[in-house]
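In the UniProt record's numbering, the protein residues as written are 1 to 486. Backbone N, C-alpha and C fix where the C-beta goes; we use that ideal spot for every residue, glycine too. The model shown is predicted, which means the values in this text are computed figures rather than measured ones. Okay, structure first, notes after.
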Amino acid sequence: MWQKSLSPQNLSDDEKLALKKAPSLRFRFIVSGVIVICVIAGIAINLIFDYSRQLADLSYDRLLRSALLQMDENIALIDNQVSVDIPWSAFATLAQADEDRVFYKVESLEQGFITGYNDLDSEPPKQPVLDQMQFYNQSYSDELVRFAWLERHLTNPESAQTVRIILGQTRLSRERMASSITQRAVEVVVLIALVAIALIMIGSHLVLRPLHRIEWALEERVKGDLTPITINTPKETHHLKVAINHFMARLQKNLEQLENYTADAAHQLRTPLASLKALAENARDNTSPEKQHQALENIVRQCDYLSQTVTLLLNQAVVSHRLQTHRLEPIDLLEPITASCREHAVPALHQGVRLSYECSLQEAWVLGDSFSIQQMMQNLIENAVRYSGHQKQQQTDVIVRVEELSKIYRIQVIDYGDGIAEEEKERVFERFYRARYDIAGSGVGLSMVKDILDHHHAHIEILDTQPKGTTFQVDIDKLSFFRGQI
């Protein structure tokens, strides 16, 4: 079983340092929730404060209105003089706010001051309108006072006057009432906020539980177990589970490729090493100088073949690694093809093969990996040269041709050798399959070609060359709108 990485003692120093610096998802979730709740609570408290003041003003303004109307009812115009008899009930109404002081003033615009506080000169903030009562706050006698203001006409058959009544009350009772309402409401809001924070802390544990389940499922596995995770997860973590499963599938594929590469290396090296040993023993046992020289020549050829095999295996490993780790990018297809032709032109001539390159294009942009495509072309050209060069009696040709079609670029590697039988065309891409054992080869090159083309989503087809020979035809998609993208 794997050791539990959850235990701090099972972590390395670097892992402990990384864990210490790593941000906490749960902490972020809780802090974000607390911030949101605090903002909402602050807004609610501010609204409650404003509402409590409005409610207190509404309640006490009713008393102030009642008292002012009682005073207004007892104002009359007698003998062209304004007469005021303020009833005790008006002050009794305001006496319900026993902590507050009351100020009033009654005056006539024609007659002047009549009764009350003569220095009470208060004007409403809005334009006065007859018979319309206004309420407002103003400072008077170093106190903030709530005023009720009313102005109306008094008429009789002989005269008419305009009377103004101003009645004020300090705000102590109002403030106490608003404070009481605010306090109770704030207590409720704070309680709700604390409950919400507690629920967020509990919810954060429940929300993160699926992640812990995935972690536990991985921790409980034995070494080498790369099977997909099958536990049920919510939709929010389903994509994470799928991504982990895809990653483990790629890792499993890489391990299988590594095992295949090890097996390939053992398979490819066993035979030439055994042959090299036999040749060396033969050279040791022969006493004839001519036979020893011939045996040494065979050893040199076998060493060259062994070197080629090792190079091929190394290139296969590099290509396999690049296909797994490098993304396809825009490349000019002609560059790796041209490089491969130049590299094999002289060795082909040494084998009696004339390698030619036919292309009228200036550029051919595709989405691919330049190194892998060059390895593909090298294998196709080497294969064509090998199966054409064994005809020692005459020189033969191998043609590499690149054409542009509507949506693809077509690559053809044409040889005029003996060709491939129809029943063998599908098998030549199998690993270690060789159609002919009288010609040197490893049986790995065309298999690697197929892997490279599959990775590039390209298509390969084996055709017959006329009058004889084989044509390997590769179709690879163009990179659409490349110029516009760069």
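| Item | Value |
| --- | --- |
| The stretch 202 to 210 / the stretch 168 to 177 touching (three or more Cβ pairs under 8 Å) | no |
| Under the three-state DSSP convention, the category Gln-362 falls into | coil |
| Neighbour-count burial assignment, His-456, 16 or more Cβ in a 10 Å radius | buried |
| Backbone secondary structure at Ser-340 - three-state DSSP | helix |
| Contacting residues, own chain, Cβ-Cβ under 6 Å from Tyr-437 (five flanking each side not counted) | Reliability fails at Tyr-437, whose pLDDT of 45 lies under 50, so the model's placement of it is uncertain and the value that follows must be treated cautiously. No residues qualify anywhere along the chain. |
| Between the CA atoms of Val-319 and Phe-371 - distance to the nearest angstrom | 8 Å |
| Simplified DSSP state of Glu-107, which is helix, strand or coil | strand |
| Span separating the alpha-carbon of Asp-464 from that of Lys-425 | 10 Å |
| Proximity to Leu-164 [Cα-Cα], best of Ala-317, Pro-157 and Asp-72 | Contrary to the premise, residue 164 reads as Arg rather than Leu in this sequence. The option with the nearest alpha carbon to Arg-164 is Asp-72. |
| For His-246, the residue or residues it bridges with in DSSP | Answer is none; His-246 lacks a bridge partner. |
| Inter-residue CB distance, Ser-356 and Ile-381 (contact presumed, cutoff 8 Å) | Between Ile-381 and Ser-356 the Cβ distance is about 11 Å, and since that is not below 8 Å, they are no contact. |
| The stretch 320 to 331 contacting the stretch 447 to 456, beta-carbon criterion three pairs below 8 Å | yes |
| Three-pair Cβ contact test at 8 Å for the stretch 342 to 353 versus the stretch 394 to 404 | yes |
| Exposure label - Trp-88; buried when at least 16 CB within 10 Å | exposed |
| Environment of Asp-100 [buried if 16+ CB atoms lie within 10 Å] | buried |
| Paired residues, beta bridge with Ala-76 - DSSP | Ser-83 |
| Helix, strand or coil at Asn-260 according to DSSP, with G and I counted as helix | helix |
| Burial state of Ala-97 (16 or more Cβ within 10 Å) | buried |
| The stretch 72 to 81 touching the stretch 153 to 163, judged by at least three CB pairs closer than 8 Å | yes |
| Three-state secondary structure (DSSP) of His-205 | helix |
| Stretch-stretch touch, CB-based, cutoff 8 Å, three pairs: the stretch 401 to 413 with the stretch 469 to 481 | yes |
| Ile-420 burial status per 10 Å Cβ neighbour count (16 or more: buried) | buried |
| Pro-128 versus Leu-167 - alpha carbon distance | 15 Å |
| Where His-239 falls, given that 16 or more other Cβ within 10 Å makes a residue buried | exposed |
| Reduced DSSP category for Asp-369 - H, G, I as helix; E, B as strand; rest coil | coil |
| Opening and closing residue of the beta strand (DSSP E) in which Ser-139 lies | 134 to 140 |
| Contact set for Leu-120: own chain, Cβ-Cβ below 8 Å, skip 5 residues either direction | Phe-103, Tyr-104, Lys-105, Tyr-140, Ile-166 and Gly-168 |
| Simplified DSSP assignment, three categories, for Glu-99 | coil |
| Beta-carbon contacts of Ala-193 that lie in its chain and below 6 Å, excluding the five residues immediately before and after | Ile-37 and Ala-41 |
| Minimum C-alpha distance to Leu-94 - residue among Leu-63, Gly-116 and Arg-53 | Leu-63 |
| DSSP-derived helix/strand/coil call for Val-385 | helix |
| Glu-158 - DSSP class collapsed to helix/strand/coil | coil |
| Limits of the alpha helix (DSSP H) - the one that Val-449 falls within | 445 to 455 |
| Backbone secondary structure at His-293 - three-state DSSP | helix |
| Host beta strand (DSSP E) of Leu-463 (start-end) | 459 to 464 |
| Nearest-angstrom Cα separation, counted from Met-377 out to Arg-284 | 41 Å |
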